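> For reference, the structure I am asking about is given below.
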Amino acid sequence: MILDVKNLSKRFGGLEALSDVTFELQESEILGLIGPNGAGKTTMFNCINGVYGPTGGTVTFNGENTTNLKTYFMARKGLARTHQIVKPLNELSVLDNVMIGACFGGEGVTLKKAAVIAQEVLDFLRIGDRSDQLAGSLNVGQKKRLEIARALASRPKLLLLDEVLAGLNPSEISEMVNTVKEIRDQGVSIIMIEHVMHAIMNVSDRIIVLDYGRLIAEGSPQEIANNESVIEAYLGDPKLAEKLMQTMD
Amino acid sequence: MKKWQNYFGLGVALLAILGITLWPTITGNAYNREVAFNILRVIALASSLNILLGYTGYVSFGHIVFYGFGGYVGFFFITAVGWSLWPAMLAGGISAGLLAYLLGKAVLRLRGAYFALATIGVNEAMRAFINNFEPFGGPVGMTMNFSVYQDYGGPLEALSMAFYVMAGITALVIITSYLVRSSKFGLGLLAIREDEDAAEVMGVIAPNAKTWAYVLSAIFPGIIGVLFFFKQGNVEPQPAFLLHTSIEWLVMVMLGGQGTVLGPMLGAFGYQQMRGYLLTNDFFKNIQLSVSGGLLLVVVLFVPAGVIGWIRQRFPRLRRILQ
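Same order as they appear, the protein sequences are chains D and E.
Number 1322 in my numbering belongs to position 241 of the first sequence; there are no gaps in the numbering.
Number 80 in my numbering belongs to position 72 of the second sequence; there are no gaps in the numbering.
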């Protein structure tokens, strides 16, 4: 087991962003994390990778209790993530951006080695020809790829992908889905937040669903697609019309 | 990547310093030497500030506090304890570095404008403290007995020696700046400058990296402070902690191009020349600082990357050479 989350809670003042969430992740598994807007998905990532300290519960990463560990130590232990709103280091070259991931995350290689790894990863993500360009000059799709490249350059054990498909066109989406699968095939475990349903259903081994900070469902993509409480969370109560009819009788 | 290109920028910088050093030596003119001393001094100070401002992206308005404090400590050791210049310079550098380390732990949590304001506060607080600290002479400061210069072969020889020491320190600052720029540590600093949160997520231990950048940018001003006040023969709280001097360093860095090795050099040189011209001009001599303020405004509005930064943007091919 690469990640074990137990009873995780996060409270912002009066708002309970996460309450009592428990799940686990096996090695080389792709876990889909879905839920309506504001369900606490990104907060979950922030609690796992140490951007926030959770209010309650524990996170065990690779057999080690990492609850409350700062995010830079998590990165060095082999946890990498991408951001929903991309955070390119604009005034640095694409290569430098990715080298930072290789230099400071995971194994923390030397500059020379980092340059080699960075170029490899950029080639893998098909933006290798952009390495000399400033990161700020990339388009959205390329910036998303850069986010993943930076994360991958640290040779992570676990990769948290936060809406990497948002804002991409259909052909870019299917390309990215293949990329994600290839990354998994290299032995990286992945948790993926996504709103593009057909993609997440296609790529995930298992899916968990958050709503108002609670875990409301867990299962295979099939099970989730037919789960009543999930449909309710997304679309409202499917039996609402029926119930209304009954009360009118 | 060809090897010579990596060292080209450093080579040009060191040659320029050599040129500035040789100019008064060749002309044999004492006035030229004073001019050259001040140019070298501001190049070293601006380049030190650049490690924090340009590489790490933290604006320190009150950076002169390290110059004043280090200078005071070193001066105290020379006059009151009887140390020679060399250990005193070391003491000045170390005390400035130590001050930066402690301050860094406290104020580097602040970001953006809050950090900038805190640095001003620190400088003013330090001046007020020194002003009332009797061992350092309080408001009148300290004066050096001229007999101290005898150890260096007399006052004239001491002045001449101070000039060459200054040149050596400046070269050292430039080499340090270059090494930081091209190191893994420097890459981490650049990441912090661009986006501190993203840098931390990628594994850069930002609190430590920032503190060391702050310390590194404080050590040299401390050393230079000792040398400068040694050469002056006295030290007073008012000029030692002059806030607008600190802001002038900022203008130099911005003018030449923050975040590059050559930028602060060029900016310091250009600014010092302009300052010399303005101070001797009938019309400008009293409003010299307002010209600096206007210049900063123009740079920030129209060429935020500074001269070297602008060239790097315009001619991407030169990026590897102009560091």
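C-beta: ideal position from N, C-alpha, C; glycine also.
Nothing here was measured: the structure is a model prediction, and the numbers come from that model.
Counting only the same chain and skipping the five closest in sequence on each side, list residues whose C-beta sits under 8 Å from that of Met9 (chain E).
As a working mapping, residue 9 (chain E) is identified with position 1 in the second sequence. Its pLDDT being 46, under 50, Met9 (chain E) is placed unreliably by the model, and the measurement read from it follows with that caveat. The answer, listed in chain order, is Arg328.
> Nearest CA to the CA of Asn242 (chain E): which residue from E:Val306, E:Leu60, E:Pro147, E:Val307?
Within the second sequence, numbered from 1, the residue matching residue 242 (chain E) stands at position 234. Nearest option by C-alpha distance: E:Pro147.
> Considering just the uninterrupted stretch of the beta strand (DSSP E) at Glu1097 (chain D), what are its terminal residues?
Start at 1 with the first residue of the first sequence, and residue 1097 (chain D) comes out as number 16. Here the beta strand (DSSP E) through Glu1097 (chain D) covers 1096-1106.
> Residues in the same chain with beta-carbon distance under 7 Å from Val81 (chain E), minus the five sequence neighbours each way, listed in chain order, please.
Counting from one through the second sequence, the residue named residue 81 (chain E) turns up at place 73. Ala99, Gly100, Ser103.
> With a floor of 4 residues, list each alpha helix (DSSP H) that falls wholly inside the region 10-72 of chain E, ordered by position along the chain.
Segments of the alpha helix (DSSP H) lying fully in the region 10-72 of chain E: 11-35, 38-58.
> Return no unless some Cβ of chain E is closer than 8 Å to the Cβ of Ser1235 (chain D).
For the purposes of this step, residue 1235 (chain D) is taken as the residue at position 154 of the first sequence. By this cut-off, Ser1235 (chain D) is an interface position.
> Out of E:Asp205, E:Pro247, E:Lys239, E:Leu197, which one is the CA nearest neighbour of Ser225 (chain E)?
As a first step, residue 225 (chain E) is located in the second sequence; it is residue number 217 there, counting from the start. The shortest C-alpha separation from Ser225 (chain E) is found at E:Leu197.
> With distances taken Cα to Cα, identify the nearest neighbour of Leu60 (chain E) among E:Glu132, E:Ile128, E:Leu116, E:Ala38.
Translated into positions along the second sequence, residue 60 (chain E) becomes position 52. Selected option, being the one with the closest Cα: E:Leu116.
> Could you tell me which chain D residues have their CB closer than 9 Å to the CB of Val43 (chain E), listed as they occur along the chain?
Taking the first residue of the second sequence as 1, we reach residue 43 (chain E) at position 35. By Cβ distance, chain D contributes nothing, its closest Cβ being about 35 Å from Val43 (chain E), past 9 Å.
> Alpha carbon to alpha carbon, how far is Leu18 (chain E) from Phe1104 (chain D)? Give it in angstroms, no decimals.
Residue mapping note: residue 1104 (chain D) aligns to position 23 of the first sequence, counting from 1. Residue mapping note: residue 18 (chain E) aligns to position 10 of the second sequence, counting from 1. The alpha-carbon atoms of Phe1104 (chain D) and Leu18 (chain E) are separated by roughly 54 Å.
> Who are the neighbours of Asp203 (chain E) on chain D, taking C-beta pairs under 9 Å?
Taking the first residue of the second sequence as 1, we reach residue 203 (chain E) at position 195. Lys1168, Pro1169, Leu1170, Asn1171, listed in chain order.
> Compare the C-beta of Cys1184 (chain D) with all C-beta atoms of chain E and state if any pair is closer than 8 Å.
Start at 1 with the first residue of the first sequence, and residue 1184 (chain D) comes out as number 103. Taking Cβ atoms only, chain E reaches closer than 8 Å to Cys1184 (chain D), which makes this a yes.
> Using a Cβ-Cβ cutoff of less than 6 Å, which residues in the same chain neighbour Lys1320 (chain D) once the five nearest sequence positions on both sides are dropped?
Residue 1320 (chain D) sits at position 239 when you count from the first residue of the first sequence. Once the five neighbours on either side are set aside, Lys1320 (chain D) has no close Cβ partner at all.
> Taking Gly194 (chain E) and Tyr63 (chain E) to be in contact with their CB atoms under 8 Å, please state how far apart those CB atoms are, rounded to whole angstroms.
As a first step, residue 194 (chain E) must be located in the second sequence, where it is residue number 186. As a first step, residue 63 (chain E) must be located in the second sequence, where it is residue number 55. Indeed, because the Cβ distance is near 6 Å, the residues count as touching under 8 Å.
> Is Ala1199 (chain D) close to chain E? Criterion is C-beta to C-beta, closer than 8 Å.
What you label residue 1199 (chain D) is simply residue 118 of the first sequence in a count that begins at 1. Not one chain E Cβ lies under 8 Å of Ala1199 (chain D).
> Measure the beta-carbon distance from Tyr1315 (chain D) to Ala1120 (chain D) and round it to whole angstroms, keeping in mind my assumption that it falls under 8 Å.
To locate residue 1315 (chain D), count along the first sequence from 1; it is residue 234. To locate residue 1120 (chain D), count along the first sequence from 1; it is residue 39. Not a contact, Cβ separation roughly 10 Å.
> At 4 residues or longer, and completely inside the region 76-110 of chain E: list those alpha helix (DSSP H) runs for me, N to C.
As far as the region 76-110 of chain E is concerned, it has no whole alpha helix (DSSP H) run of at least 4 residues.
> Would you grab the beta carbon distance between Thr1163 (chain D) and Ile1111 (chain D) for me? Rounded to a whole angstrom, and I think it's under 8 Å.
Position 82 of the first sequence, counted from the start, is the residue given in the question as residue 1163 (chain D). Position 30 of the first sequence, counted from the start, is the residue given in the question as residue 1111 (chain D). Incorrect: roughly 14 Å between the Cβ atoms, too far for contact.
> Is the shortest distance between the beta-carbon of Ile213 (chain E) and the beta-carbons of chain D less than 8 Å?
Position 205 of the second sequence, counted from the start, is the residue given in the question as residue 213 (chain E). True, the Cβ-Cβ gap to chain D drops below 8 Å.
> Would you say Phe218 (chain E) reaches chain D, if we count a Cβ-Cβ gap shorter than 8 Å as a contact?
The count along the second sequence starts at 1 and reaches residue 218 (chain E) at position 210. In the sequence as presented, Phe is not what sits at residue 218 (chain E); that position holds Lys. For Lys218 (chain E), the answer is no, since every Cβ of chain D falls outside 8 Å of its Cβ.
> Pairs of beta-carbons, one from the region 300-309 of chain E and one from the region 207-223 of chain E, closer than 8 Å: are there three or more?
Touching, no.
> Locate the alpha helix (DSSP H) running through Asp1266 (chain D), then write down its first and last residues.
For this step, residue 1266 (chain D) is matched to residue 185 along the first sequence. Element bounds for Asp1266 (chain D): 1251-1266.
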